[in-house]
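Engineer:
Protein chains: 2
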Amino acid sequence: MSKSLLELTPVQTVACCSPLLRETLSIEQAETVAPLLKALADPVRLRLLSLVASHAEGEACVCDLAGAFDLTQPTISHHLKVLHEIGLLDRSKRGVWVYYRVRTEALADLGVLIGGGARVAGAGR
Amino acid sequence: MSKSLLELTPVQTVACCSPLLRETLSIEQAETVAPLLKALADPVRLRLLSLVASHAEGEACVCDLAGAFDLTQPTISHHLKVLHEIGLLDRSKRGVWVYYRVRTEALADLGVLIGGGARVAGAGR
DNA sequence: TCCTCGTATTGATGAACATCTATGTGTGGA
DNA sequence: TCCACACATAGATGTTCATCAATACGAGGA
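Protein chains in written order, with my numbering: chain E, 1 to 125; chain R, 126 to 250.
#1: So E:Leu-131 and E:Leu-107 are in contact, right, with Cβ under 8 Å, and what is the actual spacing, rounded?
#2: CB-CB under 8 Å to R:Gln-137, same chain, minus the five flanking residues each way: which ones, in chain order?
#3: Whose Cβ in chain E lies nearer than 9 Å to the Cβ of R:Leu-174?
#4: Is R:Val-245 helix, strand or coil by DSSP?
#5: Relative to chain R, which residues along the stretch 51–67 of chain E have a C-beta separation below 7 Å, given in chain order?
#6: Chain E partners of R:Asp-167, CB-CB under 7 Å?
#7: Is the Cβ-Cβ distance between R:Ala-95 and E:Asp-90 less than 8 Å?
#8: Just to check, is the beta-carbon of E:Arg-47 closer than 7 Å to a non-hydrogen atom of the ligand ADP?
#9: For E:Ala-68 versus E:Tyr-99, is the C-beta distance shorter than 8 Å?
#10: Can you give me the Cβ contacts of E:Val-44 inside the same chain, cut-off strictly under 6 Å, excluding the 5 residues immediately before and after it?
#11: Taking any Cβ of chain E, which residues in the stretch 200–214 of chain R have a Cβ under 7 Å from it, in chain order?
#12: Provide the residue(s) that pair with E:Cys-63 in DSSP beta bridges, ordered along the chain.
#13: Could you check whether R:Gly-236 and E:Ile-114 sit closer than 8 Å to each other, using their CB atoms as the reference points?
#14: Cβ of E:Lys-38 less than 8 Å from any chain R Cβ?
#15: When we look at the beta-carbon of R:Ser-217 and count the other beta-carbons within 10 Å, is it buried (16 or more) or exposed?
#16: Please report the residue range of the alpha helix (DSSP H) in which R:Asp-234 lies.
#17: Looking at the structure shown, is R:Leu-213 part of a helix, part of a strand, or coil, going by DSSP?
#18: Could you say which of R:Leu-208, R:Leu-171 and R:Lys-206 lies nearest to E:Ile-27 if we only look at CA atoms?
#19: E:Leu-107 versus chain R: which residues are under 9 Å apart at the beta carbon?
#20: Output needed for E:Ala-53: all residues of its chain with C-beta closer than 7 Å, excluding positions within five of it in sequence on either side, in chain order.
#21: Can you tell me where the alpha helix (DSSP H) holding R:Ala-166 begins and where it ends?
#22: Which class does R:Val-158 belong to by DSSP, given the choice of helix, strand or coil?
#23: With C-beta atoms as the reference, is E:Val-96 less than 8 Å away from E:Ser-77?
#24: Measuring straight from C-alpha to C-alpha, what distance separates R:Thr-200 and R:Ala-191?
#25: Contact criterion: CB-CB distance below 8 Å. Does E:Leu-71 meet it with respect to chain R?
#26: So is R:Leu-131 in contact with chain E if we call contact Cβ pairs under 8 Å?
#27: Taking R:Val-227 as the query, report the chain E residues whose CB atoms sit under 8 Å from its CB, ordered along the chain.
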């Protein structure tokens, strides 16, 4: 899903440099990518992603997250919904709790699309 | 410059995986990065960046760009201003024309911050 | 100097959005 | 069966934003 999301295969993305800069983006491509970036373009949501990712087991429930913000629970819930609906967070309910998990591949695809593999050659991890 | 822009050195960014996911983003970091992403999170601006980058000599004047959109010249000018003020486009005036050029490093830094080198290690899950 | 052309600025307008309060929904325990 | 808890949804509100028409600015040519 994440590959078809951006219509890019790993091979293509790493082939040269940033797809964004390599060739002119079509209107459709631009309108596919923009909402993803828009979902990311919020300080609260950036930190939510970051918090979820760095939490134990790579997942966190709303109760783990809400405390880190000076915002109400519905607001946090709203931001999580935005991230989930765009495909950046996975959701799973267990008992009374709802756990979120970062969809790393989706984020990686986005990063490659924007910044390309510029730094990638030699990176390793 | 681009490094101070995100407060990350290349070494740090490549060290592991996406900085966004590697450790919890501070509030300040999140509020630094979010406006950059917000500037990118628009179909018109994404295509503008792409068009500028793929233009001859890597630069283009407003007159080269406006034709590609069904928008008025002031609107294009506005979007270019947004991209320039956030540090994603360079501006240089020559005679009557104003030329824009993509600040590739800034974009690369952003890409690394978001997607990191994750995909590089072997992809997928 | 005056005119034309390329680009930027201003001010207005409607849409999108972040946030809140209030309330709904579903689950587990007593 | 009922209550408490975790989370989601609904509706309202103030703000931000994309866009346009009108206008200003500034450089080169006649």
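Cβ coordinates follow ideal geometry from the N, Cα and C atoms, glycine included.
Structural biologist: The answer reads as follows:
#1: This structure does not reach residue 131 of chain E, given that chain E is present from 1 up to 125, and the question cannot be answered.
#2: Looking up residue 137 of chain R in the second sequence gives position 12. With a pLDDT of 41 at R:Gln-137, under the threshold of 50, the modelled position of that residue is not reliable, and the figure given next carries that caveat. Pro-144, listed in sequence order.
#3: Your numbering for residue 174 of chain R matches position 49 in the second sequence. Leu-20, Leu-21 and Leu-25, listed in chain order.
#4: Stepping through the second sequence from its first residue, residue 245 of chain R is reached at position 120. Annotation note: pLDDT 42 at R:Val-245 (below 50); position unreliable, coordinate value reported separately. Of the three classes helix, strand and coil, the one that applies to R:Val-245 here is helix, per DSSP.
#5: Leu-51, Ala-53 and Ser-54
#6: Here residue 167 of chain R refers to the residue found at position 42 of the second sequence. Going along chain E in sequence order, the residues near R:Asp-167 (Cβ under 7 Å) are Ala-34.
#7: The structure shown does not extend to residue 95 of chain R, since chain R is modelled only from 126 to 250, so the question has no answer here.
#8: This structure does not include the ligand ADP; it has no bound ligands of any sort.
#9: What you label residue 68 of chain E is simply residue 68 of the first sequence in a count that begins at 1. What you label residue 99 of chain E is simply residue 99 of the first sequence in a count that begins at 1. No, they are not a contact pair.
#10: Position 44 of the first sequence holds residue 44 of chain E. Cβ within range, chain order: His-79.
#11: none
#12: Taking the first sequence and counting its residues from 1, one reaches residue 63 of chain E at position 63. In DSSP, E:Cys-63 forms no bridge with anything.
#13: Residue numbering aside, residue 114 of chain E sits at position 114 when the first sequence is read from its first letter. Residue numbering aside, residue 236 of chain R sits at position 111 when the second sequence is read from its first letter. Yes, the Cβ-Cβ distance between E:Ile-114 and R:Gly-236 is below 8 Å.
#14: Within the first sequence, numbered from 1, the residue matching residue 38 of chain E stands at position 38. Chain R contact via Cβ: present.
#15: Start at 1 with the first residue of the second sequence, and residue 217 of chain R comes out as number 92. The residue is exposed, with fewer than 16 neighbouring Cβ atoms inside 10 Å.
#16: Taking the second sequence and counting its residues from 1, the one referred to as residue 234 of chain R is at position 109. Per DSSP, R:Asp-234 belongs to the alpha helix (DSSP H) from 229–240.
#17: The sequence position of residue 213 of chain R within the second sequence is 88, counting from 1. Three-state result, R:Leu-213: coil.
#18: Locating residue 27 of chain E in the first sequence gives position 27, where the first residue counts as 1. The residue with the shortest Cα to Cα distance from E:Ile-27 is R:Leu-171.
#19: On the first sequence, position 107 is the one that residue 107 of chain E refers to. The answer, in chain order, is Ser-143, Leu-145, Leu-146, Ile-239, Gly-240, Gly-241 and Ala-243.
#20: As a working note, residue 53 of chain E is residue 53 in the first sequence. Here the set comprises Val-102.
#21: Residue numbering aside, residue 166 of chain R sits at position 41 when the second sequence is read from its first letter. Run containing R:Ala-166: none; DSSP gives neither H nor E here.
#22: By one-based count along the second sequence, residue 158 of chain R stands at place 33. Correct three-state label for R:Val-158: helix.
#23: Your numbering for residue 96 of chain E matches position 96 in the first sequence. Your numbering for residue 77 of chain E matches position 77 in the first sequence. No, the pair does not count as a contact, with Cβ atoms beyond the cut-off.
#24: Here residue 200 of chain R corresponds to residue number 75 of the second sequence, with the count starting at 1. Here residue 191 of chain R corresponds to residue number 66 of the second sequence, with the count starting at 1. Cα to Cα, R:Thr-200 sits roughly 9 Å from R:Ala-191.
#25: Position 71 of the first sequence, counted from the start, is the residue given in the question as residue 71 of chain E. Taking Cβ atoms only, chain R never reaches closer than 8 Å to E:Leu-71, which makes this a no.
#26: Reading the second sequence from its first residue, position 6 is the one you call residue 131 of chain R. Legend: pLDDT at R:Leu-131 = 48, less than 50; position of this residue unreliable, value from coordinates given subsequently. Not one chain E Cβ lies under 8 Å of R:Leu-131.
#27: The sequence position of residue 227 of chain R within the second sequence is 102, counting from 1. Leu-21, listed in chain order.
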